[in-house]
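From first to last, the protein sequence lines are chains A and B. Residue 1 is where the first sequence starts when you use the UniProt record's numbering, and the numbers rise one by one after that. Residue 1 is where the second sequence starts when you use the UniProt record's numbering, and the numbers rise one by one after that. Just so you know, even glycine gets a beta-carbon here, dropped at the ideal spot from N, CA and C.
2 protein chains.
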Amino acid sequence: MTSTIEPPDPEDGRLRLLDAWWRAANYLSVGQIYLLDDPLLRRPLEAADIKPRLLGHWGTTPGLNLLWAHLNRLITERDVDAIFLAGPGHGGPAAVANAWLEGTYSEVYPAVGDDEEGMQRLFRQFSFPGGIPSHVAPETPGSIHEGGELGYVLSHAYGAAMDNPDLLVAAVVGDGEFETGPLAASWHANKFVDPVHDGAVLPILHLNGYKIANPTVPARIERDELESLLRGYGHEVLTVEGDDPMTVHAQLLAALDTAHDRITAIQTAARQDGDTARRPWPMILLVTPKGWTGPHEVDGVLVEGTWRAHQVPLAGTRENPEHRAQLESWLRSYRPEELFDAEGRLVPELKDLAPRGKRRMSANPHANGGLLRRPLDLPDFRAAAVEVPTPGGSVHEATRVLGQWLVDVVRRNPETFRLFGPDETASNRLDAVYEVTDKVFAGTILDSDEHLASSGRVLEILSEHTCQGWLEGYLLTGRHGLFSCYEAFIHLVDSMLNQHAKWLKTTRELEWRPPIASLNYLLTSHVWRQDHNGFSHQDPGFIDHVVNKKAEVVRVYLPPDTNTLLSTMRHCLASVHYVNVVVAGKQPSYDWLTADEADLHCARGLGIWDWASSGGDEPDVVLACAGDVPTLETLAAVSLLRTHLPELKVRVVNVVDLMRLQDDQEHPHGLPHREFDTIFTSDKPVVFAYHGYPWLIHRLTYRRTNHSNIHVRGYKEEGTTTTPFDMVMMNDLDRYHLVMDVIDQVPSLGSRAARVRQLMVDTRRRARAWTREHGDDIPEVRDWSWLDSVEPDSQASPSSTAALDDQP
Amino acid sequence: MTSTIEPPDPEDGRLRLLDAWWRAANYLSVGQIYLLDDPLLRRPLEAADIKPRLLGHWGTTPGLNLLWAHLNRLITERDVDAIFLAGPGHGGPAAVANAWLEGTYSEVYPAVGDDEEGMQRLFRQFSFPGGIPSHVAPETPGSIHEGGELGYVLSHAYGAAMDNPDLLVAAVVGDGEFETGPLAASWHANKFVDPVHDGAVLPILHLNGYKIANPTVPARIERDELESLLRGYGHEVLTVEGDDPMTVHAQLLAALDTAHDRITAIQTAARQDGDTARRPWPMILLVTPKGWTGPHEVDGVLVEGTWRAHQVPLAGTRENPEHRAQLESWLRSYRPEELFDAEGRLVPELKDLAPRGKRRMSANPHANGGLLRRPLDLPDFRAAAVEVPTPGGSVHEATRVLGQWLVDVVRRNPETFRLFGPDETASNRLDAVYEVTDKVFAGTILDSDEHLASSGRVLEILSEHTCQGWLEGYLLTGRHGLFSCYEAFIHLVDSMLNQHAKWLKTTRELEWRPPIASLNYLLTSHVWRQDHNGFSHQDPGFIDHVVNKKAEVVRVYLPPDTNTLLSTMRHCLASVHYVNVVVAGKQPSYDWLTADEADLHCARGLGIWDWASSGGDEPDVVLACAGDVPTLETLAAVSLLRTHLPELKVRVVNVVDLMRLQDDQEHPHGLPHREFDTIFTSDKPVVFAYHGYPWLIHRLTYRRTNHSNIHVRGYKEEGTTTTPFDMVMMNDLDRYHLVMDVIDQVPSLGSRAARVRQLMVDTRRRARAWTREHGDDIPEVRDWSWLDSVEPDSQASPSSTAALDDQP
């Protein structure tokens with residue numbers, strides 16, 4: 001429904017105060033964009049008072065300031081615990097201005113005081129070299145959402161609200177952002193709100209009508225069409241519209257009260273009466289001009305209320321005296337003399353409007369999640385570990401066993417840990433968690449549904465963007481989570497990952513922001529086992545994307561079996577401020593390491609598997625592997641080599657932590673050159689079977705002594721709907737080809753090797769033909785007998801002394 | 001509005017025929033998923049008749065078959081030119097079955113005949129090693145949309161309909177796909193339809209209620225809420241709902257007639273009466289059970305109408321006789337004896353239902369765009385080229401000049417070329433095109449708007465996903481286009497690029513699909529010039545993503561100046577079946593090459609810039625560069641070296657075509673080792689200034705003789721809102737640091753060099769401090785006088801003899 005609201009009496013004194021705060025914030029915003037000096041306009045503006053480069057976005061800013069002012073009124077009158085997410089994060093000056101008005105800015109950055117000198121520094125530093133960015137950046141107190149890349153404000157907001165029953169998350173959606181896919185999908189996040197245990201999101205669609213150079217779609221369809229759409233998204237629409245400030249103040253005040261009443265009613269019904277039936281959540285449709293209160297016309301061209309107000313409406317203020325005069329009268333239109341005292345401090349009457357302490361949106365600890373984060377209570381992974389009598393002596397589905405361990409993680413952390421997935425939690429075989437929790441869903445639930453409930457720890461929507469945004473919002477407010485996804489489709493969030501990695505990188509350098517929990521990906525249903533779906537579902541390139549990010553914040557793990565997956569995931573869930581990418585299979589697969597061996601191997605990150613190796617310190621060749629399928633093929637190749645070329649001394653190296661391959665100058669996990677050379681030798685051929693695109697291994701190892709001897713097999717973009725072994729053959733990653741590679745790289749092997757090589761060629765041909773005839777893999781690839789020849793002949797011994805950082 | 005439709009008389013003979021076709025398609029679909037042999041059930045099914053691995057998706061298939069049957073009825077009755085896009089592309093068996101029923105399959109693949117033997121081959125090959133994929137793949141006649149990665153069916157459909165006024169694009173949206181962001185955004189594509197010059201899209205939302213393991217959101221909100229949403233998207237909703245086949249046939253027949261009437265009315269009003277006011281376009285909401293007509297229960301558990309019908313409802317048909325018997329009765333329920341004659345051919349009565357020739361959706365040339373593609377009429381780029389009296393003797397904004405050239409491209413190709421961009425065409429300075437065309441927009445247009453009209457060649461929506469989908473749909477149906485985008489945010493379509501590159505790779509091997517036009521990206525507003533927006537807008541990693549794709553289909557260009565950009569873009573627009581990524585700046589920048597020099601340089605892909613080099617064949621050091629900003633810094637470094645270390649012999653190499661760096665075994669554009677060594681030397685230090693992440697250069701060159709001497713500077717994820725020169729300093733890509741790198745790499749330079757190095761260190765410090773004080777770059781980086789020392793001292797001469805492939 002669309003509601004009509006009774007606005008307050010125009011004489012209501014609150015409106016005047018709201019307007020004064022708004023003017024103060026607008027003044028400070030314009031000052032940040034333009035002024036180097038003379039912050040209180042004590043003299044006519046001169047060229048030297050103006051910044052030489054005008055970098056910022058005015059257009060969205062007055063709307064953000066308006067909302068901040070009014071939310072403060074709501075917070076103080078009703079003692080609301082609220083945070084503010086600015087979808088149009090380009091309006092950085094607004095968040096900074098309000099943080100300064102609330103006193104938070106000077107508390108966090110004492111150099112920027114609350115007086116005239118502080119105001120000058122505030123102005124100068126904005127978009128200035130060595131200063132602060134132009135957006136609502138990590139540097140901005142009160143922010144968990146930068147908004148530079150558009151589309152994520154609602155999913156961040158809903159993530160923040162989860163398990164924070166008393167929190168109100170005000171989420172401003174720009175009407176440009178409204179057009180993006182991720183934002184469009186995330187409206188449906190309201191079907192995943194648990195009204196008992198979650199807080200509320202108040203979406204505010206700010207229709208200022210324009211993007212950079214165009215009108216926005218929602219502003220140019222009929223209003224009833226837009227409202228139909230928003231109601232269809234599950235909202236009650238409270239419209240506030242106008243270009244007369246006092247009228248808008250009156251409407252907005254009433255709308256926020258109404259919205260808060262509605263939220264309270266829904267929550268009360270659910271919490272006191274157990275009535276969790278989904279009802280339309282309120283939202284506000286705010287329709288005000290772009291660049292409102294800014295220059296109406298510049299050089300005879302309309303600016304206010306058009307796309308021309310997007311960035312800096314007066315571009316020539318340094319050189320052009322007319323523009324400068326216009327800027328000055330614009331600034332003076334806010335009547336700064338009424339707002340700031342002689343020393344440049346906010347006048348007491350306005351200061352009193354700010355909420356107190358942590359109720360200030362700029363100082364709310366939910367917007368600085370590291371303050372609230374408590375480590376997860378993690379069970380020992382050994383409780384779920386599988387028995388491994390001998391390497392290859394048992395078979396498990398790694399992710400299914402992980403699911404068993406996660407049962408206990410969920411049980412021990414009932415309010416701070418969630419699982420996110422695009423309809424794939426069961427497909428990815430983590431469904432054991434349904435023993436102790438459900439998938440939360442506020443839509444209609446039928447008797448025939450399984451594990452759906454109004455409360456739960458698992459979130460599933462067929463939108464990787466929404467899953468990622470939820471998890472980010474949940475982490476940024478101090479909690480923990482795991483995103484499981486088909487490997488190929490995690491590329492959908494490449495760009496979101498970029499933004500989150502940038503946030504982590506920047507906040508590492510901000511002492512006042514303690515670290516947050518790591519963003520953990522479990523990528524399964526991976527490239528080698530997309531039997532049903534084929535080529536479209538085969539892409540291992542997310543790893544490549546992630547390793548481009550700042551080394552300090554990214555980690556990539558390829559556990560080769562069940563116990564290593566458990567150990568890895570325990571490590572990841574305990575870690576902070578990283579992006580952890582874990583790639584693991586869900587299909588039945590051999591176990592190689594016992595729990596203790598797995599833990600040691602994971603702590604080292606990579607190591608020689610002595611039990612699979614021969615020849616001790618002087619191998620003829622190194623067979624390296626990373627990933628579950630490459631490990632299987634490598635060990636099978638070792639078995640073939642032992643059978644056919646028993647004199648060949650083979651060293652098997654398995655890599656769990658991919659970043660160990662880089663040197664310690666490049667990555668904190670990097671192996672020093674000496675240790676690398678000890679393991680990979682400095683002159684022997686290395687045949688490396690890798691899970692993903694082979695050139696990544698070269699990119700990580702090109703500085704290594706032995707790099708020119710490293711030969712990598714991996715996914716080379718060949719695939720279809722076929723059998724698992726056909727897939728490895730299509731990409732030359734199969735055991736037979738690895739044997740051929742070894743023979744090609746060890747020329748001293750002589751004529752017997754040539755015959756073995758031909759045998760491999762023939763076997764591959766036969767395997768291919770068999771598969772095409774029978775529609776299945778040749779039985780011998782499932783024959784376990786070859787494992788006899790890789791049975792342990794010695795205990796694994798420490799091959800690398802460096803342990804991973806034992807954070808935390 | 002939601003419309004009530006009068007269904008036809010239940011005795012209408014058309015319904016029986018529609019049902020028969022549907023049963024035939026369903027029979028063939030189940031056969032594909034299960035059967036190796038006995039395609040006509042001439043004997044009771046035996047284990048050996050069943051495939052050993054059951055790979056496919058039944059759930060969505062009966063819905064797709066139903067729609068195909070009914071669309072054929074519409075096509076034949078009304079002579080409609082239509083194509084079919086299956087959003088739930090997992091239902092591959094449906095598209096294959098209908099193509100076989102229409103005869104197209106046997107025409108395209110003669111080995112799969114139209115009789116019993118052909119049917120057996122059809123069944124066997126599906127999801128079988130050496131056979132065909134399980135999805136609506138490129139191998140499927142009539143498809144331009146694979147649907148493996150969900151979310152793009154509507155944007156593809158709208159792209160296909162552009163400039164095809166007589167085409168009807170039926171686009172089936174799965175209700176799982178409905179939840180994705182890209183799909184959610186793309187509903188608004190109907191605001192960009194030109195009813196005069198474009199065809200129509202008929203969206204069909206198929207609400208079968210379930211995804212892999214969950215109900216879908218749209219199926220579990222109130223129906224009036226869903227309809228409100230769909231009306232809000234701008235549609236008239238025609239609902240067809242039921243689980244009784246004949247009732248649904250009657251409703252769907254009427255709904256399609258109504259939808260077609262509505263479309264005709266809108267188009268007629270626009271075309272005959274000039275009435276282009278936007279009206280609600282019809283869409284169909286089809287509500288039928290998932291896995292309809294399949295096993296209702298399996299092992300006592302409900303399957304039909306639930307998520308359990310998603311893939312293969314009967315999993316044990318080979319081992320379990322009960323399942324096998326259930327499969328047989330399922331197949332027999334379609335009464336194949338009525339559908340196929342004794343030889344396995346479709347009975348004539350049903351055969352007659354198929355449209356004729358190109359009217360068959362499986363044979364419509366719009367679904368095989370290479371058949372329709374005509375080369376663009378491209379003007380000589382020299383017509384727009386800029387005068388370059390000497391290298392660095394003029395300054396231009398490269399993309400603005402490109403815009404001038406595009407004016408003529410648009411003018412000459414008024415129906416086959418479009419520009420796509422997320423609200424950035426003007427920001428990216430291509431706005432000259434508005435001299436000859438407009439931005440198409442069907443929303444309300446105000447007098448104050450500029451260049452918006454109901455017809456136009458430019459499409460702008462703030463959704464990179466929609467832009468990409470539109471362009472793909474436009475290309476796949478035989479036309480041409482250019483997508484201009486901020487460099488950082490093109491990552492939003494990483495995953496879409498994956499899918500398109502896979503399509504290109506696969507169709508290269510399908511002779512019956514001639515090549516389509518290349519997908520051309522112009523990435524500008526790049527990492528080095530995000531002065532306003534800072535860190536969130538800085539990411540050059542799309543190149544890294546693209547080069548992971550199959551070498552045969554990807555090309556990356558980094559033109560260093562205006563004329564090279566023109567030459568490059570002309571090459572790209574003339575090319576076919578590639579993904580071309582062109583990265584170029586929009587800010588004022590020096591010109592280096594005349595039009596002729598630029599063309600030669602681009603044809604070579606890389607080359608020595610003799611005019612900037614000294615020392616001829618025996619340089620002491622090579623300074624290589626790729627990208628406009630790195631080229632500027634490199635030439636400035638050369639100038640500094642000439643001033644301070646005039647005895648040093650410097651070779652300058654500029655790289656336009658990044659793939660030249662790989663060897664010719666790795667990429668078709670790769671430079672043979674001998675030529676690479678001639679240019680980069682086999683033993684001299686190479687200081688490489690690169691636009692993006694530096695390790696990409698190592699990844700491309702690790703096989704080169706001189707690789708260990710290549711030292712790369714590039715973007716290392718350091719950035720903020722600051723000045724352009726501060727950005728290059730933050731990443732050690734600046735001229736001073738390049739000079740330091742040269743000195744560090746040429747130890748023979750001695751003590752004078754040490755003093756120069758210290759001067760560089762001091763100058764950097766001074767530059768940093770100056771910038772932080774004044775908020776602008778130190779004036780000397782804008783001082784052109786240094787250019788004097790890189791003025792040409794010889795004409796550019798051919799340094800590499802290999803020319804690029806001159807396709808087309």
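- Per DSSP, reduced to three states, the secondary structure at lysine 550 of chain B is coil, with no helix or strand assignment.
- In the displayed model, glutamate 304 of chain B falls within coil according to three-state DSSP, outside both helix and strand.
- With a threshold of 9 Å between beta carbons, phenylalanine 441 of chain B makes contact with chain A.
- Following the DSSP letters along the chain, one finds aspartate 81 of chain A inside the beta strand (DSSP E) bounded by residues 81-86.
- In the DSSP annotation of this structure, the continuous segment of the beta strand (DSSP E) that includes proline 282 of chain B starts and ends at 281-287.
- For phenylalanine 688 of chain B, the beta-bridge partners assigned by DSSP are B:Ala624, B:Val712.
- With a threshold of 9 Å between beta carbons, glycine 56 of chain B makes contact with chain A.
- Those residues of the stretch 534-559 of chain A placed with their C-beta closer than 8 Å to a C-beta in chain B are Gly534, Phe535, Ser536, His537, Asp539, Gly541, Asp544, His545, Asn548, Lys549, Lys550, ordered along the chain.
- The Cβ neighbour count for glycine 87 of chain A, taken over all protein chains shown within 10 Å, is at least 16; the residue is labelled buried.
- Residues of chain A whose Cβ lies closer than 7 Å to the Cβ of aspartate 449 of chain B are, in chain order, Pro215.
- DSSP, reduced to helix, strand and coil, places threonine 239 of chain A within a strand of the structure shown.
- Per DSSP, the unbroken alpha helix (DSSP H) holding alanine 595 of chain B starts and ends at 595-604.
- When DSSP reads this structure, histidine 206 of chain B sits in a beta bridge with B:Gly174, B:Leu286.
- Listed along the chain, the chain A residues whose CB falls inside 7 Å of the CB of asparagine 520 of chain B amount to none; the nearest CB is some 20 Å away.
- The beta-carbon distance between leucine 600 of chain A and phenylalanine 381 of chain A, rounded to whole angstroms, is 13 Å. This is too long to meet the 8 Å contact definition.
- Sequence-ordered contacts of the stretch 453-466 of chain A with chain B read Glu460, Ile461, Leu462, Ser463, Glu464, His465, Thr466 [C-beta pairs closer than 9 Å].
- Each residue's CA atom was taken as its position, placing threonine 61 of chain B and glutamate 780 of chain A some 35 Å apart.
- Taking the C-beta atoms as reference points, threonine 524 of chain A is found no nearer than 9 Å to asparagine 654 of chain A.
- Under the 8 Å Cβ criterion, the stretch 590-609 of chain A counts as touching the stretch 380-399 of chain A, having at least three qualifying pairs.
- The Cβ-Cβ distance between histidine 465 of chain A and tyrosine 27 of chain A does not fall below 9 Å.
- Comparing alpha-carbon positions, the option among A:Asn190, A:Glu487, A:Val112, A:His532 lying closest to glycine 89 of chain B turns out to be A:His532.
- In the DSSP annotation of this structure, the continuous segment of the alpha helix (DSSP H) that includes leucine 101 of chain B starts and ends at 92-101.
- When only Cα atoms are considered, alanine 94 of chain A and isoleucine 132 of chain A end up about 13 Å apart.
- Under the DSSP assignment, threonine 524 of chain A falls outside any alpha helix (DSSP H), being part of the beta strand (DSSP E) whose first and last residues are 519-524.
- The Cβ neighbour count for proline 646 of chain B, taken over all protein chains shown within 10 Å, is under 16; the residue is labelled exposed.
- Bridge pairing for leucine 787 of chain B: absent [DSSP].
- The residue among A:Trp528, A:Glu597, A:Pro685, A:Val761 with its C-alpha nearest the C-alpha of glycine 719 of chain A is A:Trp528.
- Among the residues facing chain A, glutamate 415 of chain B is not included, as its CB has no counterpart in that chain under 9 Å away.
- The CB of serine 525 of chain A never comes closer than 9 Å to any CB in chain B; the least such distance is about 11 Å.
- Threonine 180 of chain A reaches chain B at Ala185, Leu462, Ser463, counting residues in chain order whose Cβ is nearer than 7 Å.
- Glycine 357 of chain A and proline 559 of chain B have their C-alpha atoms spaced approximately 54 Å apart.
- Nearest CB-CB separation between histidine 188 of chain A and chain B: below the 9 Å threshold.
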